[in-house]
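Chemist: By the working numbering, the letter at position 213 of the sequence shown is numbered 216, and the numbering carries on one by one without gaps.
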Amino acid sequence: MSTSMLLYIFVGLIGALLGIGLYEVVRRSSANSKRAQEADQSRQMIQNAQREAENIVKEAKLEAKDLVFQSKSELEKEQKAKLLELATSEKRLVQREEAIDKRIGVLDRRDAEGQKREQELMKKEEKLIAKEAACAQVEREHREALERVAGLTADEAKKQLLQEMESQARLDAAGIAKRTLEEARENAEREAREIITTSIQRVVRDYVSESTISVVPIPNDAMKGRIIGREGRNIRAIEAATGIDLIIDETPEAVIISGFDPLRREIAKVSLERLMHDGRIHPTRIEEIVEKVKVDIDKLMYEEAEKIIFELGLADFHPELIKVLGRLKYRTSYGQNNLYHAREASYICGIMASELGLDVRLARRGALLHDIGKAVSHEEEGPHAMLGAEIAKKYGESEKIVNAIAAHHEQVPPICPESVLVAAAEALSAARPGARREALESYVKRLEKLESLAHAQKGVQKAYAIQAGREIRVIVRQEDVTDSESFQLSRELAKKIEQELTYPGQIKVTVIRESRYIEYAK
Numbered sequence: 004m005s006t007s008m009l010l011y012i013f014v015g016l017i018g019a020l021l022g023i024g025l026y027e028v029v030r031r032s033s034a035n036s037k038r039a040q041e042a043d044q045s046r047q048m049i050q051n052a053q054r055e056a057e058n059i060v061k062e063a064k065l066e067a068k069d070l071v072f073q074s075k076s077e078l079e080k081e082q083k084a085k086l087l088e089l090a091t092s093e094k095r096l097v098q099r100e101e102a103i104d105k106r107i108g109v110l111d112r113r114d115a116e117g118q119k120r121e122q123e124l125m126k127k128e129e130k131l132i133a134k135e136a137a138c139a140q141v142e143r144e145h146r147e148a149l150e151r152v153a154g155l156t157a158d159e160a161k162k163q164l165l166q167e168m169e170s171q172a173r174l175d176a177a178g179i180a181k182r183t184l185e186e187a188r189e190n191a192e193r194e195a196r197e198i199i200t201t202s203i204q205r206v207v208r209d210y211v212s213e214s215t216i217s218v219v220p221i222p223n224d225a226m227k228g229r230i231i232g233r234e235g236r237n238i239r240a241i242e243a244a245t246g247i248d249l250i251i252d253e254t255p256e257a258v259i260i261s262g263f264d265p266l267r268r269e270i271a272k273v274s275l276e277r278l279m280h281d282g283r284i285h286p287t288r289i290e291e292i293v294e295k296v297k298v299d300i301d302k303l304m305y306e307e308a309e310k311i312i313f314e315l316g317l318a319d320f321h322p323e324l325i326k327v328l329g330r331l332k333y334r335t336s337y338g339q340n341n342l343y344h345a346r347e348a349s350y351i352c353g354i355m356a357s358e359l360g361l362d363v364r365l366a367r368r369g370a371l372l373h374d375i376g377k378a379v380s381h382e383e384e385g386p387h388a389m390l391g392a393e394i395a396k397k398y399g400e401s402e403k404i405v406n407a408i409a410a411h412h413e414q415v416p417p418i419c420p421e422s423v424l425v426a427a428a429e430a431l432s433a434a435r436p437g438a439r440r441e442a443l444e445s446y447v448k449r450l451e452k453l454e455s456l457a458h459a460q461k462g463v464q465k466a467y468a469i470q471a472g473r474e475i476r477v478i479v480r481q482e483d484v485t486d487s488e489s490f491q492l493s494r495e496l497a498k499k500i501e502q503e504l505t506y507p508g509q510i511k512v513t514v515i516r517e518s519r520y521i522e523y524a525k
């Protein structure tokens, strides 16, 4: 029963009890005359209370029935839903079982097929083993028959065959190596010629020929007397301070400065010009001016070296190394300025390194510094290449740069491709037409000596020095010299030229041996 129904019943009971109690009170307090009326009222009230209680009980029962019906309906719905879910799950399980049964059937069929194939393979393997045994037997029989016919065992025949194959392979390899070497030489020569030509064409420099004298113009002959001084003391002071000879002859308005050191000649020239401009010419003043000019020339050489270093895109040079490099401004080799020669060689070397995919900065640096030994070679003993390498090492240059400097005249072996390029660029810069010059007398003597060296060789018929002494063509007698001897003759002549002649660049030796057959038709 629900709470509302119990409440109704409880209220009815209370009402009934209250009615009974009221009835008793009325009955006790009323007079006998009213007892009947009160009794009637009490009975009526009791009846009303009973009816209300009955009504409450009926309503409670109805509500209880409704609740039971609702609970039953909900329970039935839940039961139906659960039954439906169970049916669905059962259906799924059935489907899964069917799929598993199908897979098991497929696996069983595959297993059976695999076993069947395995059996077939085993049978084939047995057949192959039998065939191999038969083939081996036949091979043994054939080998025995061949050995009986050839009179050689299998090992001997194999050895003989290997020897023949080895000999043939050596011949083939020699032919391939020869062809490869010839192709490599042709390609290397062609590519090297193209690279060198391109490098030279991209670098164009003008050369100013240096001599052993400098001419200083003077305003008048009176200045000559002031330069000479009383009893020649001024000219002696200038010569002592500069180490240069001054020649004052009958040449009008000119003083000749003579000396083999271009740096000293430049110091003397600038000092003389400043003395003439200042007007005060006496020994003390001469010494002061010469010292100032030396400082200015040192500064000028340093600035010129710095300018070239910047022009080449290089950096990180030791200051003392820059000073040594600047001294090359007043050094010449066969009339070629050494500093400008180093700059040109650096450009050429950088271009060749770029064409070959090498280190351009390393190549330029090595070529720029390759002749720094000439700046001190008159002060110290030894080849200028080795002196330059020692200077570069002293001032912190890398091992490759030191090697490039030392190896550019082949006094030490090169350790990197850039060292070879430095030597090649140096030779190109020195050998290009007009780069270097020499006196006519020494030039003629060199050509005569070159031809005489060729004529001294056995079998030489004629020898001609051509291309300004850069090539010697030697014609040999065909009956006295063979082709192989001609090759040997060219090598020996080249070695003699290297040992006995001094020349700029390189000299090409060409030996010509030809056969001529002449007949006249009459």
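Cβ atoms here follow ideal geometry from the backbone N, Cα and C, with glycine treated the same way.
First and last residue of the alpha helix (DSSP H) that includes Gln460?
Modeler: Here the question's residue 460 lines up with position 457 in the sequence shown. Unbroken run through Gln460: none, as it is neither H nor E.
Chemist: Could you round the C-beta distance between Leu361 and Ala395 to whole angstroms and report it? I think they count as a contact, below 8 angstroms.
Modeler: Position 358 of the sequence shown, counted from the first residue, corresponds to residue 361. Position 392 of the sequence shown, counted from the first residue, corresponds to residue 395. Actually they are not in contact, since the Cβ atoms of Leu361 and Ala395 sit about 19 angstroms apart, beyond 8 angstroms.
Chemist: In the DSSP assignment, the alpha helix (DSSP H) including Arg267 goes from what residue to what residue?
Modeler: Locating residue 267 in the sequence shown gives position 264, counting from the first residue. Here the alpha helix (DSSP H) through Arg267 covers 265 to 281.
Chemist: Give the single residue among Leu431, Arg476, Gln464, Ala433 whose Cα lies nearest to the Cα of Leu453.
Modeler: Within the sequence shown, residue 453 is the residue found at index 450, counting from 1. Nearest option by C-alpha distance: Arg476.
Chemist: Could you say which of Gln47, Ser336, Gln98, Met279 lies nearest to Thr505 if we only look at CA atoms?
Modeler: Sequence index remark: in the sequence shown, residue 505 carries index 502 (1-based). Answer by Cα proximity: Ser336.
Chemist: Mind checking Lys377: buried by the 16 CB within 10 Å criterion, or exposed?
Modeler: Along the sequence shown, one-based indexing puts residue 377 at 374. The residue is buried, with at least 16 neighbouring Cβ atoms inside 10 Å.
Chemist: Can you tell me the Cβ-Cβ gap for Val425 and Gly369, rounded? I've got them flagged as a contact below 8 angstroms.
Modeler: To locate residue 425, count along the sequence shown from 1; it is residue 422. To locate residue 369, count along the sequence shown from 1; it is residue 366. Contact flag correct, Cβ pair sits at about 4 angstroms.
Chemist: Under DSSP, the beta strand (DSSP E) around Val479 begins and ends at which residues?
Modeler: Within the sequence shown, numbered from 1, the residue matching residue 479 stands at position 476. 474 to 479 is the span of the beta strand (DSSP E), which, as asked, contains Val479.
Chemist: For the stretch 220 to 233 against the stretch 275 to 285, do three or more pairs of beta-carbon atoms, one drawn from each stretch, fall closer than 8 angstroms, so that the two count as touching?
Modeler: A contact exists between the stretch 220 to 233 and the stretch 275 to 285.
Chemist: State buried or exposed for Gly316, treating a residue as buried only when at least 16 other CB atoms are found within 10 Å of its CB.
Modeler: On the sequence shown, position 313 is the one that residue 316 refers to. With fewer than 16 other Cβ atoms within 10 Å, it is exposed.
Chemist: The alpha helix (DSSP H) that contains Arg511, what's its start and end?
Modeler: The residue labelled residue 511 in the question sits at position 508 within the sequence shown. The question names Arg, but residue 511 is Lys in the sequence shown. It is not in any alpha helix (DSSP H) - Lys511 instead sits in the beta strand (DSSP E) that spans 511 to 515.
Chemist: Exposed or buried, what is Val211 when buried is set at 16 or more other beta-carbons lying within 10 Å of its beta-carbon?
Modeler: Numbered from its first residue, the sequence shown carries residue 211 at position 208. Because Val211 carries a pLDDT of 39, less than 50, the predicted location of this residue cannot be relied on, and the following value inherits that uncertainty. It counts as exposed.
Chemist: Report back the beta-carbon spacing between Ile300 and Glu256 to the nearest angstrom; my notes put them in contact at under 8 angstroms.
Modeler: Residue 300 sits at position 297 when you count from the first residue of the sequence shown. Residue 256 sits at position 253 when you count from the first residue of the sequence shown. Actually they do not touch by this definition, with Cβ atoms about 25 angstroms apart.
Chemist: With a cut-off of 8 angstroms, do at least 3 Cβ pairs link the stretch 477 to 489 to the stretch 453 to 468?
Modeler: With a cut-off of 8 angstroms, the stretch 453 to 468 and the stretch 477 to 489 count as touching, because enough Cβ pairs lie within range.
Chemist: How many Å lie between Ile521 and Asp486 at the Cα?
Modeler: Translated into positions along the sequence shown, residue 521 becomes position 518. Translated into positions along the sequence shown, residue 486 becomes position 483. Approximately 21 angstroms, taken between the alpha carbons.
Chemist: Within 10 Å of its beta-carbon, does Lys80 have 16 or more other beta-carbons around it, so buried, or fewer, so exposed?
Modeler: Translated into positions along the sequence shown, residue 80 becomes position 77. Exposed, because fewer than 16 other Cβ atoms sit within 10 Å of the Cβ of Lys80.
Chemist: Out of curiosity, what's the CA-to-CA distance linking Lys511 and Leu365?
Modeler: Here residue 511 refers to the residue found at position 508 of the sequence shown. Here residue 365 refers to the residue found at position 362 of the sequence shown. In a straight line, the C-alpha of Lys511 is about 30 angstroms away from that of Leu365.
Chemist: Could you pull the start and end residues of the beta strand (DSSP E) that Glu260 belongs to?
Modeler: Position 257 of the sequence shown, counting from 1, holds the residue named residue 260. It should be noted that the sequence gives Ile, not Glu, for residue 260. Element bounds for Ile260: 257 to 261.
Chemist: Tell me which residue opens and which closes the alpha helix (DSSP H) that Ile500 is part of.
Modeler: Within the sequence shown, residue 500 is the residue found at index 497, counting from 1. Residues 486 to 503.
Chemist: Classify Gln339: buried if its beta carbon has 16 or more other beta carbons within 10 angstroms, exposed otherwise.
Modeler: As a working mapping, residue 339 is identified with position 336 in the sequence shown. Buried is the call here.
Chemist: Are Ile311 and Leu342 closer than 8 angstroms when you measure CB to CB?
Modeler: Here residue 311 refers to the residue found at position 308 of the sequence shown. Here residue 342 refers to the residue found at position 339 of the sequence shown. The answer is yes: Cβ separation under 8 angstroms.
Chemist: Can you look up Asn237 in the DSSP assignment and give me helix, strand or coil?
Modeler: Along the sequence shown, one-based indexing puts residue 237 at 234. Helix.
Chemist: Measuring straight from C-alpha to C-alpha, what distance separates Asp114 and Val97?
Modeler: Taking the sequence shown and counting its residues from 1, one reaches residue 114 at position 111. Taking the sequence shown and counting its residues from 1, one reaches residue 97 at position 94. Answer to the nearest angstrom: the Cα atoms are 25 angstroms apart.
Chemist: Does the stretch 405 to 412 come within contact of the stretch 324 to 335, defined as at least 3 CB pairs closer than 8 angstroms?
Modeler: No, the stretch 405 to 412 is not in contact with the stretch 324 to 335.
Chemist: Can the beta-carbon of Cys419 be found closer than 8 angstroms to that of Lys403?
Modeler: On the sequence shown, residue 419 is found 416 positions in, with the first residue counted as 1. On the sequence shown, residue 403 is found 400 positions in, with the first residue counted as 1. Yes. Within cutoff.
Chemist: Quick one: what's got a C-beta closer than 8 angstroms to Phe13's C-beta in the same chain, skipping five residues either side?
Modeler: For the purposes of this step, residue 13 is taken as residue 10 along the sequence shown, with counting starting at 1. Result list for Phe13: empty, nothing under 8 angstroms.
Chemist: Count the other CB atoms, across all protein chains shown, that sit within 10 Å of the CB of Asp158; report buried if there are 16 or more and exposed otherwise.
Modeler: Taking the sequence shown and counting its residues from 1, the one referred to as residue 158 is at position 155. Classification for Asp158: exposed.
Chemist: For Leu249, name the three-state secondary structure that DSSP assigns.
Modeler: The count along the sequence shown starts at 1 and reaches residue 249 at position 246. Of the three classes helix, strand and coil, the one that applies to Leu249 here is strand, per DSSP.
Chemist: Just to confirm, are Ile289 and Ala225 a CB contact at a threshold of 8 angstroms?
Modeler: Position 286 of the sequence shown, counting from 1, holds the residue named residue 289. Position 222 of the sequence shown, counting from 1, holds the residue named residue 225. No, the Cβ-Cβ distance between Ile289 and Ala225 is not below 8 angstroms.
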